[in-house]
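One structure below.
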Amino acid sequence: MAQGEQSHEFELDLAKYKRAIEKALPEIPAENGVITLEALWLETAIPEDVIREVLANGGVELPPYVDKIVTRRGEVLYERGPSPNGRPAEPEL
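Numbering (my numbering), first residue to last: 77 to 169.
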């Protein structure tokens, strides 16, 4: 498989995972507008590193009652931004 084909296949897989995550989000209870990575993992069975990759690439549609997705330790992986679709969280300095 050529490098370009491998990259294209990876993008297609991420799009598939993104759709699965967006479908699962409304099924997960949010606490104060927050859903944890662990709850998302339990609901979808998608590996945590793949969920992180999807969230890092942005564009995930969050339900209206969800403001952000965090780890159990409090690391913000994704949060709703000024755009209606949300945006990746800015790294804290």
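Built from N, CA and C at the ideal position, the CB exists for glycine as well.
Bear in mind that the values here come from a model prediction, so they are computed numbers and not experimental data.
To which residues of the same chain is residue i closer than 7 Å at the C-beta, ignoring the five residues directly before and after it?
i: residue 153; result: 113, 128, 131, 145, 146, 147 and 165
i: residue 104; result: 111, 115, 116 and 119
i: residue 161; result: Bear in mind that the predicted position of residue 161 carries a pLDDT of just 45, short of 50, making it too unreliable to give a figure here.
What's the call for residue i, buried or exposed, on a 16-neighbour Cβ count within 10 Å?
i: residue 116; result: buried
i: residue 151; result: exposed
i: residue 155; result: buried
i: residue 159; result: Any reading at residue 159 must be qualified, since the residue scores a pLDDT of 45, below 50, and its modelled position is unreliable; no value is offered.
Where does residue i sit, in a helix, a strand or coil, going by DSSP?
i: residue 104; result: coil
i: residue 111; result: strand
i: residue 130; result: helix
i: residue 90; result: helix
For residue i, collect the residues of the same chain with a Cβ closer than 6 Å to its Cβ; drop the 5 residues on either side in sequence, then sort them by chain order.
i: residue 93; result: 122, 126 and 130
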